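S.K.: Pasting a structure here, questions to come.
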Amino acid sequence: VGVVGAAVAGLTAWFQAHRLDTEATAYSVTAREIRHILSLVDTEAGPDEWARFVGQAETAISREHTMWGAG
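Following the numbering used here from start to finish, the sequence shown increments by one per residue and tops out at 81.
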């Protein structure tokens with residue numbers, strides 16, 4: 011029983027670590043995308059440009075929020 015318990019605990023830890031690695035990669039991609047979007051913002055932008063910027067930022071954040079909620 012002890013060996014089986016240790017094996018189950020080891021597999022559980024491995025799966026959790028793998029899942030966290032996947033989440034870290036996803037967060038990194040989203041952070042990089044948001045930094046890129048922020049680098050494009052023009053503080054003198056007109057309403058249409060500002061709306062496009064906000065839309066891009068919301069899309070990136072919404073996608074990450076959806077992934078977080080699904081996990």
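Where is the CB? At the ideal position from N, CA and C, for every residue including glycine.
Every value quoted in this text rests on a predicted model; they were computed, and no experiment measured them.
Measure the alpha-carbon distance for Ala-61 versus Ala-67 and round it to whole angstroms.
M.R.: Each residue's Cα considered, the two are about 10 Å apart.
S.K.: Measure how close the beta-carbons of Ala-70 and Phe-63 come, nearest whole angstrom, since I'm counting them as under 8 Å.
M.R.: Between Phe-63 and Ala-70 the Cβ distance is about 11 Å, and since that is not below 8 Å, they are no contact.
S.K.: Roughly how far, in whole angstroms, is the beta-carbon of Ala-36 from the beta-carbon of Met-77, given that I think they are within contact range, below 8 Å?
M.R.: That pair is a contact at about 6 Å.
S.K.: Rounded to a whole number of angstroms, what is the C-alpha to C-alpha distance between Pro-57 and Ile-47?
M.R.: When rounded, the distance between both Cα atoms is 16 Å.
S.K.: State the start and end residues of the unbroken alpha helix (DSSP H) segment that holds Thr-85.
M.R.: No information on residue 85 is available, as it lies outside the stretch 11 to 81 that the chain covers here.
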